[in-house]
Amino acid sequence: AQRVTQPEKLLSVFKGAPVELKCNYSYSGSPELFWYVQYSRQRLQLLLRHISRESIKGFTADLNKGETSFHLKKPFAQEEDSAMYYCALMGYQKVTFGTGTKLQVIP
Amino acid sequence: NAGVTQTPKFQVLKTGQSMTLQCAQDMNHEYMSWYRQDPGMGLRLIHYSVGAGITDQGEVPNGYNVSRSTTEDFPLRLLSAAPSQTSVYFCASRPTQGIGNTIYFGEGSWLTVV
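For the protein sequence lines, the chains are A and B, in the order given. Each residue of the first sequence is one higher than the last, beginning at 1 in my numbering. Each residue of the second sequence is one higher than the last, beginning at 1001 in my numbering.
Structure below.
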């Protein structure tokens, strides 16, 4: 079975503070992991994927197979980062999402 | 390029009514899926399809039917709506070949069952 766990429902940080959104996964094969962002009442948009090791809007995420984690990080939070963030795992056929973390950046 | 298109965007149903949420994609993606999004529960997979004529159940399939007669379309049917089906529904698609393929989402359908 494949599972994605995002332990925090809400994360509040001050503007300029570092951000870390946690994601742990369970999967028996080689996982493909993604982060998606959803701004208020909009569709989900791809933020980044582990395979390309990119940095988008200052966010990065490293796949740690030993800890089965794919945490999302940003050194300095901006107000426009306030949104829902979903970690996703692409298995053999299914795509599983975590329950999401709402990031609230306080001015 | 329209991407993934869902209709309707908003719908109010009475308990027991039936309806179909439409989803179409123009990217020739093999994989299509339906999710429902509820507060505190994230996105839960209802049904998915890896190609025309092939469908399978996700985490929460009860009360929903799907079919995939063409690559482009993947409608979701509610046979007898219940208040528990009040939710936001997202259709998504992606290619199945290759790695690191992005999932593309529709804009969502807000459904209220009274």
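Ideal Cβ placement from N, Cα and C applies to all residues, glycine included. The structure displayed is predicted, hence computed values, not measured ones.
Against chain A, a Cβ distance below 7 angstroms from residue 1033 of chain B picks out 95. Here residue 1041 of chain B is exposed: its Cβ has fewer than 16 other Cβ atoms, across all protein chains shown, within 10 Å.
Only those residues of the stretch 1064 to 1094 of chain B whose C-beta falls short of 8 angstroms from the nearest C-beta of chain A are listed: 1090, 1092, 1094. Just so you know, the alpha carbons of residue 1014 of chain B and residue 1075 of chain B end up roughly 20 angstroms apart.
Sequence-distant Cβ neighbours of residue 1094 of chain B in its own chain, meaning closer than 7 angstroms and more than five residues away, are 1029, 1031, 1101, 1102, 1103, 1104. Pairing residue 13 of chain A with residue 39 of chain A, the inter-Cα distance amounts to about 17 angstroms. For residue 1054 of chain B, the uninterrupted beta strand (DSSP E) run begins and ends at 1054 to 1057, by DSSP. When B:1012, B:1022, B:1011, B:1016 are compared, the shortest CA-CA separation from residue 1005 of chain B is found for B:1022.
Nearest to residue 1046 of chain B by alpha-carbon distance, out of B:1034, B:1071, B:1063, is B:1034.
For residue 1056 of chain B, the nearest beta carbon of chain A is closer than 9 angstroms to its own beta carbon.
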